[in-house]
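Chemist: This is the structure I want to talk about, given as structure tokens.
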């Protein structure tokens, strides 16, 4: 097995006030900078937001792309100011840890392959084929089941090499929950989690590690967040969705899957967007969630974290679109800002006021 490389994206975020980009006159800014860690799914957008936002510098924020599991562990250990995860925590877990979570952006997980002669968007797969490949039941690219799903496409007589995540991963959580939803055998024999015992394959750390292994290994297949597939030029596959339609991954197909998301009635903002109905829906769609403590010891620092995400809600949609993520609808952003004002406190007082936000 290759040695997974550590995935870390350090970025400087320069935080401004909600309304004008300047620190509020009535309160002192946080000092010492801010730290966040977690989701590699989120890392490309975090880096892009940092690049755009640093022109209004006042406070630096370092974000480490270590995987959702790592982000959850670090925020629970209070070694970072916020965590980022693609696996939403349950209400029970949130309450037990004193945490609050909110969605920041949505995107898609896609299968990527390194098969000679197969370009991006040419290979068609479905959930059952994916489950059979990742269980090791389909061992060669010229398997009859793959040929039947891809008439007219030349598939080589080449062994299949599975590449999966080696770390605790929200991307894995989304991918395996999708496989469990469409394959009873996968559900009973393998299960769905952010970390599990894989039946076969090589393990890479982070979306970066999986992308690297796939690019280096002829005959391989893995799964990554779509921005990584685009960034690396990986050959992504199409999927058959809930309605039986073959769709390509795109911001439009992710948005179609997210169209019916009912955030108002999602306790703890725990919501998955997998295998959603709709002719244009991408079946492996999910949100990135930010984790912060409900009761904050440092009011200025807590406000600075929320100010940054308030800025991202207001100014970050263009960058989200460029990287093939889906911004939250305006009404969902307003709902989250109202939750910040009511649920995040320091010394019993709110640290964010929704009326001051855009």
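Numbering (our numbering), first residue to last: 4 to 361.
Glycine included, C-beta positions come from ideal geometry on N, C-alpha and C.
Go to residue 50, then tell me how far its beta strand (DSSP E) extends in each direction, as first and last residue.
Modeler: Element bounds for residue 50: not the beta strand (DSSP E) but the alpha helix (DSSP H), 46-56.
Chemist: At a cut of 8 Å, does the stretch 287-303 reach the stretch 71-86 through at least three beta carbon pairs?
Modeler: Contact holds: three or more Cβ-Cβ distances are below 8 Å.
Chemist: Whole angstroms is fine: what's the gap from residue 74's alpha carbon to residue 188's?
Modeler: When rounded, the distance between both Cα atoms is 31 Å.
Chemist: Does the pairing of the stretch 123-141 with the stretch 323-337 give three or more beta-carbon distances under 8 Å?
Modeler: The stretch 123-141 vs the stretch 323-337: no contact.
Chemist: Going by Cα to Cα distance, which pick from 349, 341, 350 is closest to residue 356?
Modeler: Closest by alpha carbon: 341.
Chemist: Using the Cα positions of residue 235 and residue 214, report the straight-line distance between them to the nearest angstrom.
Modeler: Their Cα atoms are separated by approximately 7 Å.
Chemist: Does DSSP put residue 293 in a helix, in a strand, or in coil?
Modeler: Three-state DSSP puts residue 293 in a strand.
Chemist: Which one of 272, 278, 141, 155 has the shortest CA to CA distance from residue 185?
Modeler: Checking every option, the nearest Cα to that of residue 185 belongs to 278.
Chemist: On a Cα-Cα basis, can you pick out the residue from 159, 315, 273, 167 that is closest to residue 113?
Modeler: When each option's Cα is compared against that of residue 113, the closest is 167.
Chemist: Excluding five sequence neighbours on each side, which residues of the same chain lie with their C-beta closer than 8 Å to the C-beta of residue 152?
Modeler: For residue 152, where only same-chain residues beyond five positions count, the Cβ hits under 8 Å are 127, 128, 129, 132.
Chemist: What would DSSP say about residue 198, mapped onto helix, strand or coil?
Modeler: Coil at residue 198, not helix or strand.
Chemist: At which residues does the beta strand (DSSP E) containing residue 181 begin and terminate?
Modeler: Where residue 181 is concerned, there is no enclosing beta strand (DSSP E), although the alpha helix (DSSP H) it sits in stretches over 173-185.
Chemist: Per DSSP, which residues does residue 241 bridge with? Please list them.
Modeler: Paired residues: 127.
Chemist: What residue from 352, 351, 350, 343 has the CA that sits closest to residue 103's CA?
Modeler: If we check each option's Cα against that of residue 103, 343 comes out closest.
Chemist: Which word fits residue 34, buried or exposed, when buried means at least 16 other C-beta atoms lie within 10 angstroms of its C-beta?
Modeler: Its pLDDT being 48, under 50, residue 34 is placed unreliably by the model, and nothing is read from it.
Chemist: Name the residue from 248, 251, 116 whose alpha carbon lies nearest to the alpha carbon of residue 221.
Modeler: When only C-alpha atoms are compared, the closest one is 116.
Chemist: Leaving out five residues before and five after residue 336 in sequence, what residues of the same chain have Cβ atoms less than 6 Å from its Cβ?
Modeler: Counting only Cβ-Cβ distances below 6 Å, and skipping sequence neighbours, we find 316.
Chemist: Could you give the distance in angstroms between the alpha-carbon of residue 266 and the alpha-carbon of residue 274?
Modeler: Using only the alpha carbons, I get a separation of about 7 Å.
Chemist: Using CA coordinates, which residue listed in 248, 258, 67 is at the minimum distance from residue 282?
Modeler: Closest option to residue 282, Cα to Cα, is 248.
Chemist: Just to confirm, is the Cβ distance from residue 52 to residue 261 under 9 Å?
Modeler: No, the Cβ-Cβ distance between residue 52 and residue 261 is not below 9 Å.
Chemist: Under three-state DSSP, which class holds residue 104?
Modeler: Residue 104 falls in the strand class under three-state DSSP.
Chemist: Distance, Cα to Cα, residue 44 vs residue 164?
Modeler: When rounded, the distance between both Cα atoms is 23 Å.
Chemist: What does residue 250 pair with, by DSSP beta-bridge criteria?
Modeler: DSSP, once it has assigned bridges, lists 242 as partnering residue 250.
Chemist: Less than 9 Å between the C-beta atoms of residue 124 and residue 240, yes or no?
Modeler: Cβ atoms of residue 124 and residue 240: closer than 9 Å.
Chemist: Which class does residue 272 belong to by DSSP, given the choice of helix, strand or coil?
Modeler: It is helical.
Chemist: Evaluate contact between the stretch 303-317 and the stretch 191-211, counting only Cβ atoms and requiring at least three cross-stretch pairs below 8 Å.
Modeler: The answer is no - the stretch 191-211 does not touch the stretch 303-317, with fewer than three Cβ pairs under 8 Å.
Chemist: How long is the line joining the alpha carbons of residue 227 and residue 255, rounded to whole angstroms?
Modeler: Those two C-alpha atoms are separated by around 18 Å.
Chemist: Does DSSP put residue 206 in a helix, in a strand, or in coil?
Modeler: Reduced to three states, the DSSP call for residue 206 is strand.
Chemist: So, for residue 259: in the same chain, excluding its five sequence neighbours on each side, which residues have a beta-carbon less than 6 Å away from its beta-carbon?
Modeler: Here the set comprises 281, 283, 284.
Chemist: Just curious, the beta strand (DSSP E) that residue 64 is in, first and last residue?
Modeler: Unbroken beta strand (DSSP E) run through residue 64: 64-68.
Chemist: Can residue 286 and residue 244 be called in contact, C-beta distance under 9 Å?
Modeler: Yes, they are a contact pair.
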